[in-house]
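> In the working numbering, the protein residues as written are 40 to 354.
Got a structure for you, written out below as structure tokens; questions coming shortly.
Quick look at the structure:
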């Protein structure tokens, strides 16, 4: 991870001063670096990186983080977010134009890293994931403010915007290790299910977390009219009066300062957070099951602990 972080810093350099300035802000904001960690751990689990000179996993882990960071920059502009990981978001500090353009720069850097790796298979996996992320974000935009959205469509959204990159991050680790197809698909399944659990918990936290712990403004999804499982679960089980409330604040986008506290009360009354977390636990269980084909090791245990952390952070 130290080498990966250095690669990220090095590749954020540019002769255009604003790019490294904004890049330095992103690095200072920290973040869990979960996706590059998955690439590094998956590669090592399959035996890559044990021999001298094996460093492809480091460049690809940095590539995965650039894809993720680029999407965050663009998302914060689209969502008009002012907070990211407990700090002012890049768009709040540098403006929307700079955030979009530096996001484009990071996408370009990610493709330079893919090209430098030299594997067409790796490029196919990561470029497909990049396209799927964009599709997921557009699909989310099309479901915004629409309470008739089926849960299956919501799950399709979170697969696109989150799980696809988790899956790709894990799969490329097995690919560069030239491991068997079974291991490659197992890690892809692990990443997919981990990503689904991660986003479900994230959506639950928007209605249940301490803002300082979450690192973003609680209630952002509510204010933006995003359709997430806590809202769908509360709406589905709600009384006529509660459904009318949801239609006003989500579909009609007519909100007052008192509406978020009332929304939180309804969500608690309808047990919508528990429903969401239970769904996340189902995906977490599938992620752990996907690792069954690998022998016991410290790295396998690390990947299991990552699943546990993902679900338990909801507490």
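Think of the CB as a built atom: it goes at the ideal place given N, C-alpha and C, for glycine as much as any other residue.
Tell me the DSSP secondary structure of residue 123 in three-state form.
Here residue 123 refers to the residue found at position 84 of the chain shown. Correct three-state label for residue 123: strand.
> Should residue 190 be labelled buried (16 or more other beta-carbon atoms within 10 Å of its own) or exposed?
Against the chain shown, residue 190 aligns to sequence position 151. Per the 10 Å Cβ criterion, exposed.
> Hey, is the segment 237 to 245 in contact with the segment 314 to 326, meaning 3+ C-beta pairs nearer than 8 Å?
Yes: at least three Cβ pairs fall under 8 Å.
> Which ranges does the alpha helix (DSSP H) cover as unbroken runs of at least 4 residues, wholly within the segment 140 to 208, from first to last along the chain?
You should have 159 to 182 and 190 to 197.
> From residue 304 to residue 183, what does the alpha carbon distance come to, in whole angstroms?
Position 265 of the chain shown, counted from the first residue, corresponds to residue 304. Position 144 of the chain shown, counted from the first residue, corresponds to residue 183. C-alpha separation (whole angstroms): 22 Å.
> What number of angstroms, rounded off, separates the C-alpha of residue 127 from the C-alpha of residue 288?
Position 88 of the chain shown holds residue 127. Position 249 of the chain shown holds residue 288. Looking at the two C-alpha atoms, the distance is approximately 26 Å.
> Between 320, 230 and 61, which has its C-alpha nearest residue 134's C-alpha?
Your numbering for residue 134 matches position 95 in the chain shown. Taking only the C-alpha atoms, the option nearest residue 134 is 61.
> Check for me: the alpha helix (DSSP H) holding residue 102 runs from which residue to which?
On the chain shown, residue 102 is found 63 positions in, with the first residue counted as 1. Residue 102 -> alpha helix (DSSP H) spans 95 to 118.
> Please state if the CB of residue 178 and the CB of residue 196 are separated by a distance shorter than 8 Å.
By 1-based counting over the chain shown, the position of residue 196 is 157. By 1-based counting over the chain shown, the position of residue 178 is 139. For residue 196 and residue 178, yes; Cβs fall inside 8 Å.
> For residue 97 and residue 339, I'd like the C-alpha separation in whole angstroms.
Looking up residue 97 in the chain shown gives position 58. Looking up residue 339 in the chain shown gives position 300. Computed Cα separation, rounded: 19 Å.
> In the DSSP assignment, the alpha helix (DSSP H) including residue 274 goes from what residue to what residue?
Position 235 of the chain shown, counting from 1, holds the residue named residue 274. Run containing residue 274: 268 to 276, per the alpha helix (DSSP H) assignment.
> For the candidate residues 56, 74, 265 and 50, whose alpha-carbon lies nearest to that of residue 231?
As a working note, residue 231 is residue 192 in the chain shown. Here the closest residue by C-alpha is 74.
> Once you ignore the five residues that flank residue 86 on each side, which residues in its own chain have a CB closer than 8 Å to its CB?
Position 47 of the chain shown holds residue 86. These residues qualify, in order along the chain: 216 and 218.
> If contacts are defined as beta-carbon pairs under 8 Å, then residue 236 and residue 326 qualify, I think. What distance do you get, rounded to the angstrom?
Taking the first residue of the chain shown as 1, we reach residue 236 at position 197. Taking the first residue of the chain shown as 1, we reach residue 326 at position 287. Contact flag correct, Cβ pair sits at about 7 Å.
> Do residue 105 and residue 148 have their C-beta atoms closer together than 8 Å?
Mapped onto the chain shown, residue 105 falls at position 66. Mapped onto the chain shown, residue 148 falls at position 109. Yes, these two residues count as a Cβ contact at 8 Å.
> If you draw a straight line from the C-alpha of residue 323 to the C-alpha of residue 341, how long is it?
The residue you call residue 323 lines up with position 284 of the chain shown. The residue you call residue 341 lines up with position 302 of the chain shown. Rounded to whole angstroms, residue 323 to residue 341 spans 14 Å at the Cα level.
> Near residue 48, which residues of its chain fall below 7 Å by C-beta distance, leaving aside the five closest residues on each side in sequence?
The count along the chain shown starts at 1 and reaches residue 48 at position 9. Contacts found: 66.
> Mapping the DSSP letters down to three states, classify residue 238 as helix, strand or coil.
On the chain shown, position 199 is the one that residue 238 refers to. Helix.
> Quick one: complete beta strand (DSSP E) runs, 3+ long, within the segment 285 to 332?
Qualifying beta strand (DSSP E) stretches: none in this window.
> Tell me the DSSP secondary structure of residue 257 in three-state form.
Against the chain shown, residue 257 aligns to sequence position 218. Looking at residue 257 - three-state DSSP - the assignment turns out to be coil, as it is neither helix nor strand.
> Since I believe residue 214 is in contact with residue 164 (beta carbons under 8 Å), could you give me their beta-carbon distance rounded to a whole number of angstroms?
Within the chain shown, residue 164 is the residue found at index 125, counting from 1. Within the chain shown, residue 214 is the residue found at index 175, counting from 1. Yes, they are in contact, since the Cβ atoms of residue 164 and residue 214 sit about 7 Å apart, within 8 Å.
> Do residue 226 and residue 336 have their C-beta atoms closer together than 8 Å?
Along the chain shown, one-based indexing puts residue 226 at 187. Along the chain shown, one-based indexing puts residue 336 at 297. No, these two residues do not count as a Cβ contact at 8 Å.
> How about residue 211 and residue 78: do their beta carbons lie closer than 8 Å?
In the chain shown, residue 211 corresponds to position 172, counting from 1. In the chain shown, residue 78 corresponds to position 39, counting from 1. Against a cut-off of 8 Å, the Cβ pair of residue 78 and residue 211 comes out as a contact.
> Of all the CB atoms in chain B, is at least one closer than 8 Å to the CB of residue 298?
The question asks about chain B, but that chain is absent: this structure has only one protein chain.
> Might you give, ordered along the chain, the residues of its own chain that have their beta carbon closer than 7 Å to the beta carbon of residue 64, omitting 5 neighbours on each side?
On the chain shown, position 25 is the one that residue 64 refers to. 129 and 132.
> Assuming residue 89 is part of the alpha helix (DSSP H), what are its boundary residues?
Position 50 of the chain shown, counting from 1, holds the residue named residue 89. Premise fails: residue 89 is in no alpha helix (DSSP H) and is neither H nor E.
> In or out: residue 348 buried (at least 16 other Cβ within 10 Å) or exposed?
Locating residue 348 in the chain shown gives position 309, counting from the first residue. When all chains shown are included, residue 348 counts as exposed.
> I need the DSSP call for residue 75, collapsed to helix, strand or coil.
For this step, residue 75 is matched to residue 36 along the chain shown. DSSP places residue 75 in helix when its eight states are reduced to three.
> Could you tell me how far apart the beta carbons of residue 101 and residue 152 are, in whole angstroms, since I believe they sit closer than 8 Å?
To locate residue 101, count along the chain shown from 1; it is residue 62. To locate residue 152, count along the chain shown from 1; it is residue 113. Right, their Cβ atoms sit about 6 Å apart.
> Starting from residue 131, trace the alpha helix (DSSP H) both ways and give me its first and last residue.
As a working note, residue 131 is residue 92 in the chain shown. Its alpha helix (DSSP H) spans residues 129 to 133.
> Given this structure, state the Cα-to-Cα distance separating residue 116 from residue 138, to the nearest angstrom.
One-based indexing of the chain shown puts residue 116 at position 77. One-based indexing of the chain shown puts residue 138 at position 99. Computed Cα separation, rounded: 7 Å.
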